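Notes follow once the structure below has been shown.
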Amino acid sequence: MSVALLFAVSGLTSVGIYLITARSLSRIVLGFSLLGHAAVLALLAAGGPAGDAPLADHASIESSANPLPQALSLTAIVISFGLTLFLLALARRQHVLTGDDLVEDDIEDQRIAHLEEVELGSEHDLSDKELDGEDADS
Amino acid sequence: MIWALLCAHAVACIAIVALGDRAGRGVFGVAAVPAAITTVWAATLLGGDEAPTAQRQWVEGLDLSFTFAVGPLGALMTVIVSGIGFCVFVYSAGYFSAGTPGIARFGATLLAFSTAMVGLVWADSIWTLFIFWELTSITSFLLVGHKSTSAANRAAARRALLITVSGGLALLAGFVLVADSAGTARLSEMGAVDGTTATVAAVLVMCAAATKSAQVPFHVWLPGAMAAPTPVSAYLHSATMVKAGVLLVALASPVFADVSAWTPLGVAFGGVSVMWGAIGALRQHDAKLILAWGTISQLGLIITLLSVGSGKATFAAISIVTAHAIFKAALFMVVGEIDIRTGTRDIRELSGLHRTMPLTFAVAAVSAASMAGVPPLLGFPAKEAAVEAVLGLSGAEQWSVGVIVIAGSVLTVAYTTRFLLGVFATNGEATEVAAQRTAMTAPLAVLGALSLVGFIFLDQVTKIVKPAATQVNKKSDVYKLIQWPGLTDAFMISAGIVAVGLVVGVVVARRSGSTPRPLGARAVDSLIDAVLIGATRLTGRVQHGSLPVYVATMAATAALAATPFLWAIDTDALYKWDSPAQAVLAGLAVATAITAARVGSRLGAAVGLGGVGLAVSGLFVAHGAPDLALTQLLVETVVVVGFVIGLGHLARQFPPVGDLWRTVRIVVSAMAGIAVAVALAASASNPTGQPPLEAIAQEGVEDGGGNNLVNVILTDIRALDTLGEVVVLLVVAVGILALVRPQKADSAAPALDAEVTL
Chain A
480 MSVALLFAVS
490 GLTSVGIYLI
500 TARSLSRIVL
510 GFSLLGHAAV
520 LALLAAGGPA
530 GDAPLADHAS
540 IESSANPLPQ
550 ALSLTAIVIS
560 FGLTLFLLAL
570 ARRQHVLTGD
580 DLVEDDIEDQ
590 RIAHLEEVEL
600 GSEHDLSDKE
610 LDGEDADS
Chain B
176 MIWALLCAHA
186 VACIAIVALG
196 DRAGRGVFGV
206 AAVPAAITTV
216 WAATLLGGDE
226 APTAQRQWVE
236 GLDLSFTFAV
246 GPLGALMTVI
256 VSGIGFCVFV
266 YSAGYFSAGT
276 PGIARFGATL
286 LAFSTAMVGL
296 VWADSIWTLF
306 IFWELTSITS
316 FLLVGHKSTS
326 AANRAAARRA
336 LLITVSGGLA
346 LLAGFVLVAD
356 SAGTARLSEM
366 GAVDGTTATV
376 AAVLVMCAAA
386 TKSAQVPFHV
396 WLPGAMAAPT
406 PVSAYLHSAT
416 MVKAGVLLVA
426 LASPVFADVS
436 AWTPLGVAFG
446 GVSVMWGAIG
456 ALRQHDAKLI
466 LAWGTISQLG
476 LIITLLSVGS
486 GKATFAAISI
496 VTAHAIFKAA
506 LFMVVGEIDI
516 RTGTRDIREL
526 SGLHRTMPLT
536 FAVAAVSAAS
546 MAGVPPLLGF
556 PAKEAAVEAV
566 LGLSGAEQWS
576 VGVIVIAGSV
586 LTVAYTTRFL
596 LGVFATNGEA
606 TEVAAQRTAM
616 TAPLAVLGAL
626 SLVGFIFLDQ
636 VTKIVKPAAT
646 QVNKKSDVYK
656 LIQWPGLTDA
666 FMISAGIVAV
676 GLVVGVVVAR
686 RSGSTPRPLG
696 ARAVDSLIDA
706 VLIGATRLTG
716 RVQHGSLPVY
726 VATMAATAAL
736 AATPFLWAID
746 TDALYKWDSP
756 AQAVLAGLAV
766 ATAITAARVG
776 SRLGAAVGLG
786 GVGLAVSGLF
796 VAHGAPDLAL
806 TQLLVETVVV
816 VGFVIGLGHL
826 ARQFPPVGDL
836 WRTVRIVVSA
846 MAGIAVAVAL
856 AASASNPTGQ
866 PPLEAIAQEG
876 VEDGGGNNLV
886 NVILTDIRAL
896 DTLGEVVVLL
906 VVAVGILALV
916 RPQKADSAAP
926 ALDAEVTL
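Protein chains in written order, with our numbering: chain A, 480 to 617; chain B, 176 to 933.
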């Protein structure tokens, strides 16, 4: 396997992950796009070495590159294209609604984090008046 | 027959649920039918040699099957479980008023418990036993929490469930170890085991028995469980479920006979419980709680005797199990009737009941005397047997068990006296009493009479108890229950016990605040609360709501998971490059990507993205994939245009980011990149075969009729996938259209919000 191709896959993945951990939705879109590139290159690299274009009338089958990963990659490119555009539309929508394109913390998760205080309160109410037979004197 | 009976229980359960509350107290009539049939069937087995078995394969190859075998002990327990069950069902019909809501739910759950309990006492395979063991815990939870509107009841039910099911877990672990070292899961085939594994298993099984039988320090759930309606207390928490632990100790003691830790552990659990339970009973004012704490004490006595393992002690233990089930169920029913007819169970409020409720008083007096071990009642010969068993021991064992039995018995007489005086004696103005209910009075009268009848026909009782005890311990074969032993040492000791106990009981009858305060339920509850709060805190910490941190966590985890691939890399499978152009383009792509990530303006980032796309297209060309290169160029152009249009309204610069988080992101993304490269290199180092180039070329040219193999694959070989791909694009297009349509959608959105807030 070509180390140069590996380097490209690895570098694009790194930058992609770096970008999708950002708060700004437009950066996340960028990140997804780069991850898409990395995935396609990984598919090609896994399919075998470089060669001639797989055209049956122009090159012998022995010297041409593996056509199967190329076909899969075409699908991948088109799907990641669709995904990128859809994310862009989402970012735009976010901008229309809130004025920026930042990803906010999940409200439901924050509610769960605040449960702690609520539960503390109710549990204490409960343990004060229970029937365990040991409060008979008090 | 075993299957038929279990099915009868299940059918009756379903019938009760189907009938629902409109059947009123009739549900208990339905429930009593299978209990009655089971009692009669088991009664025919008593004292006989016949031991019916039943088996059904569950998982083949795992030695997992439902296996039942009703030996003498099983038959005795069945008569107790189903017989008292029958009485309790009749009693419930009197306890509940006709229109009580949830009466069908109660009846069905109580019968479900009864089913689980007979399954438990019939089980031969330890896995079958475990399943029914857990079922009794669950049904007990439902019954304790029956009046679920009260927070105290819910807390009590939760406590009972958590303690008994943690015991269940210990039991499962112990059983796994036992099955492993004994080589079989059948109790009837299991020989004695020893060694370290067996010791661990013995400790686990004993702890499980202690949780179920409410032994100190696991006893705290039982007094709380008194929140359940009284029929439940009479049935589960005195006569049957708490005996499951005792039964477990009885069944396991032949298996653990060679484990040296078994006896001391059982004696320790039992001994502490005898004292603690009796002390607890002496300081309660609620008549039901006096009995509950008394149950802890009595169960402690039984477990002590069973763990000792001498023939006489085992015989005494089984005798006490029988006597206890009868008198304790009767006493609970007495308290339930008093509760219903006077509206209170507090011994400080009750007065003059011996005159106003004569029949109930008679039953209570007989049963309490049986509990105290006074002749001529069934409790007396059972307690005599226990004292005899102590006299038969020697050394330190005699000393320790003797103290437990004698001191425990004295305290038992004391709290029994206090119970009787407190509930029935005249103490100021007589309490008002409502009319008698036959359905309640009849079963408690029957159970009360049984203590007496059992003593009169003591030889018959011996014939029933002896085979059951012999099943546990072969040496029990020679003993029998004796009505009148004469002036033996044991009898003198018994007389002394009763005399001292009476004095203590009369003295403390009216003053109870001075007794020590047992450790309680509050400690357990705060432990449970602490776990719950800890869980909430942990969830709050882990599930913080920040999407970037979630993504980073996942990426880091995935990267670390790829570590093993490092050892699968074969460096011979790697080479520098396919062509120098590839290396240059790869460098260019990565460099442009880094620039695009670092650039502060959105437009710059969009241009950078285009640059990466170009470089990747170049890589495609260098790899021999012109179709990909063409598609990539087209796609990249549209994406960059979309980027500029879509985000054109946003501020030009990205918002600033904190330094620490930035460093974390860089580390995580570098890890992820390396992990992907490592995984890919590992996959290249371990090829599983050659690509089917010939076949694809032949099929493409001959069947597909095209020379561009990539196109042929897309349009012929994977035509359906390509159709799906087109559909995805269509959906995306529709989605984008819906999202970016400006006016209509925006005016609709606030209106929707308003509706939601309403």
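No residue lacks a Cβ here, since even glycine has one placed at the ideal position from N, Cα and C. These figures come from a predicted structure and were not determined experimentally.
Assigned secondary structure, residue i (DSSP; H/G/I helix, E/B strand, else coil)
i, result
"L426 of chain B", "helix"
"T663 of chain B", "coil"
"L581 of chain A", "strand"
"D521 of chain B", "strand"
"D834 of chain B", "helix"
"T690 of chain B", "For T690 of chain B, the predicted structure reports a pLDDT of 47, less than 50, and the residue's modelled location is therefore unreliable. The matter cannot be settled from this model."
"S617 of chain A", "Summary for S617 of chain A: the model assigns pLDDT 32, below 50, so the residue's position carries little reliability; its value from the coordinates is reported in the next sentence. Three-state DSSP puts S617 of chain A in coil, outside helix and strand."
"N328 of chain B", "helix"
"D588 of chain A", "helix"
"A348 of chain B", "helix"
"S315 of chain B", "helix"
"S341 of chain B", "helix"
"S481 of chain A", "strand"
"S559 of chain A", "helix"
"S526 of chain B", "coil"
"S435 of chain B", "coil"
"S754 of chain B", "coil"
"S701 of chain B", "helix"
"S776 of chain B", "strand"
"S503 of chain A", "strand"
"S543 of chain A", "strand"
"P549 of chain B", "The identity of residue 549 of chain B in the sequence shown is Val, whereas the question assumes Pro. Reduced to three states, the DSSP call for V549 of chain B is coil."
"V263 of chain B", "helix"
"Q573 of chain B", "helix"
"Q611 of chain B", "coil"
"I744 of chain B", "coil"
"R893 of chain B", "coil"
"G222 of chain B", "coil"
"P548 of chain A", "helix"
Which residues DSSP lists as bridging residue i, in chain order
i, result
"V234 of chain B", "B:L239"
"R361 of chain B", "B:S300"
"D461 of chain B", "B:D521"
"D536 of chain A", "Looking at the DSSP assignment, D536 of chain A forms no beta bridge with any residue, so it has no partner."
"A229 of chain B", "B:F243"
"N883 of chain B", "A:L534"
Between the stretch 184 to 209 of chain B and chain A, which residues of the former have a C-beta closer than 7 Å to a C-beta of the latter?
none
Every unbroken alpha helix (DSSP H) inside the stretch 621 to 684 of chain B [4 residues or more]
633 to 647 and 664 to 683
Counting pairs of beta carbons, one from the stretch 339 to 347 of chain B and one from the stretch 371 to 387 of chain B, are three or more of them closer than 8 Å?
yes
Three CB pairs or more closer than 8 Å across the stretch 616 to 628 of chain B and the stretch 498 to 517 of chain B
yes
Are three or more beta carbon pairs between the stretch 545 to 557 of chain B and the stretch 495 to 505 of chain B nearer than 8 Å?
yes
To be precise: take each residue of the stretch 865 to 878 of chain B, compare its Cβ to all Cβ atoms of chain A, and keep it if any distance is under 7 Å. Which residues remain?
P866, L868, E869, I871, A872, G875 and V876
Taking 8 Å as the cut-off, does the stretch 241 to 257 of chain B touch the stretch 637 to 650 of chain B (at least 3 CB pairs, one atom from each stretch)?
yes
Chain A contacts made by the stretch 722 to 734 of chain B, where a contact means CB separation under 7 Å:
L722, P723, V726, A727 and A730
Do three or more CB pairs link the stretch 208 to 226 of chain B to the stretch 180 to 197 of chain B at distances below 8 Å?
yes
Within the chosen definition, does the stretch 436 to 451 of chain B reach the stretch 257 to 271 of chain B through at least 3 CB pairs nearer than 8 Å?
no
With a cut-off of 8 Å, do at least 3 Cβ pairs link the stretch 398 to 410 of chain B to the stretch 322 to 329 of chain B?
yes
Evaluate contact between the stretch 772 to 790 of chain B and the stretch 748 to 755 of chain B, counting only Cβ atoms and requiring at least three cross-stretch pairs below 8 Å.
no
Three or more C-beta pairs closer than 8 Å, one from the stretch 582 to 595 of chain B and one from the stretch 454 to 463 of chain B: is that the case here?
yes
Is the stretch 505 to 520 of chain A in contact with the stretch 783 to 802 of chain B, if contact means three or more CB pairs nearer than 8 Å?
yes
Note down, one range per segment and in chain order, each alpha helix (DSSP H) of at least 4 residues found wholly within the stretch 369 to 407 of chain B.
371 to 387 and 396 to 399
What are the residues in the stretch 481 to 495 of chain A lying within 7 Å of chain B by C-beta distance?
S481, V482, A483, L484, L485, F486, A487, V488, S489, G490, L491, T492, S493 and V494
Note down, in chain order, all residues in the stretch 759 to 777 of chain B with a beta-carbon under 7 Å from any beta-carbon belonging to chain A.
A761, A764, V765, A768, I769, A771, A772 and R777
With 7 Å as the limit, tell me which residues of the stretch 544 to 570 of chain A have their beta carbon closer than that to any beta carbon of chain B; keep them in chain order.
A544, N545, P546, L547, Q549, A550, S552, L553, T554, I556, V557, I558, F560, G561, T563, L564, F565, L567, A568, L569 and A570
The stretch 495 to 506 of chain A: positions lying closer than 7 Å to chain B by Cβ:
I496, Y497, L498, I499, T500, A501, R502, S503, S505 and R506
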